[in-house]
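Participant:
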Amino acid sequence: MSELYQKKVEESIRNFLAERFNVKKNTIQLKTSLIEDLGMDSFQSVELLYELELQYKIRIPNEALKDLKKIGDIINYICNHKTL
Amino acid sequence: MAKKDFKFLKTVYLGDLNIFKSAYFASYFIWQGMAREEFFKIVINNYNAFMKKRIKLITIEATMKFKGIAQLYDDIEITVQPKDVTFTTVDLNFTYLNKTTNKIIGEGTQRIGFTNFRDVIIPLPSELLKGGMDYLEDSWKKKAFQIYDKLNILKK
């Protein structure tokens, strides 16, 4: 998957977090943890994943959720499962 | 169309009172739960069928602010107002009016979500979203409709 596509996914996550949780965009890095760094609870994390499922038309199974703790994990998952 | 108001009436009895003959603070929280259950019962069209889906209701956060006392046989009217709907959670506001003294005696909030029987977080049940729509302020109603549409897309 292209670097450009990864940047696009990263930007959409930043936009969602900034709008929904008042998080400053520049504080969101690949290693940022949704729960430990951003203080999101598990319900908010799942909310983010649902938004991304719709936006990128992918299915994120429940079993995958436990491994998607950091922004980088989510971007990798989307890039690896997106069918073009 | 103007939004509907949901009001739950609770009469204060001896079991609600402390030794000083005013209601325990904990009683206010218990009444919050009663008002919420009654709200769901009214809002969800086929409540019995809904309960058979083995969905679990999770209270993520709850607050309660004391503003005045309630005493024996006072009638307390608790208004439940849903707001801030997301894919996975909804906030409920509770306002307690002591109808005997005509004073606001408490304000509370809850943020709730749902899991399936395996304790996996699930989207807000469509029955709740649909039925609760009439009780939302216009600003939240628009967002709730968007979420309802998105959930239907996710189901496909």
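Each protein sequence line maps, in turn, to chains A and B.
Going by the working numbering, the letters in the first sequence line up with residues 1 to 84, in that order.
Going by the working numbering, the letters in the second sequence line up with residues 1 to 156, in that order.
For each residue, glycine too, the CB sits at the ideal point set by N, CA and C.
1. Can we say the segment 59 to 72 of chain B touches the segment 119 to 137 of chain B, given the rule of at least three CB pairs closer than 8 Å?
2. Whole angstroms are fine: how far does the CA of B/Leu14 sit from the CA of A/Ile78?
3. Considering only the alpha carbon of each residue, which of A/Ile60, A/Lys69 and A/Lys66 lies closest to A/Asn80?
4. List, in chain order, every chain A residue whose beta-carbon is nearer than 7 Å to that of B/Val120.
5. Measuring only between beta-carbons, confirm whether B/Phe40 sits less than 8 Å from chain A.
6. Out of curiosity, what's the CA-to-CA distance linking B/Leu151 and B/Ile30?
7. Please determine, among A/Gln6, A/Glu3, A/Ser12 and A/Leu4, the residue with the shortest C-alpha to C-alpha distance to A/Leu49.
8. Taking the alpha carbon of A/Ile58 as the reference point, which residue from A/Asn76, A/Arg20 and A/Arg14 has its own alpha carbon closest?
9. Might you give, ordered along the chain, the residues of its own chain that have their beta carbon closer than 7 Å to the beta carbon of B/Asp16, omitting 5 neighbours on each side?
10. Quick one: which residues of the segment 11 to 45 of chain A get their C-beta closer than 9 Å to a C-beta of chain B? List them in chain order.
11. Buried or exposed: A/Met40, going by 16 or more other Cβ atoms within 10 Å of its Cβ?
12. Given a cut-off of 8 Å, decide if B/Gln32 and B/Gly108 are closer than it, judged by their beta-carbon atoms.
13. Does the Cβ-Cβ distance between B/Ile60 and B/Thr86 come in under 8 Å?
14. Between A/Gln55 and A/Lys25, what straight-line distance do the alpha-carbon atoms span, to the nearest angstrom?
Facilitator: Taking the geometry as given:
1. no
2. 58 Å
3. A/Ile60
4. Asn62
5. no
6. 32 Å
7. A/Ser12
8. A/Asn76
9. Ala23, Tyr24 and Ser27
10. Arg20, Asp41, Ser42, Phe43, Gln44 and Ser45
11. buried
12. yes
13. no
14. 19 Å
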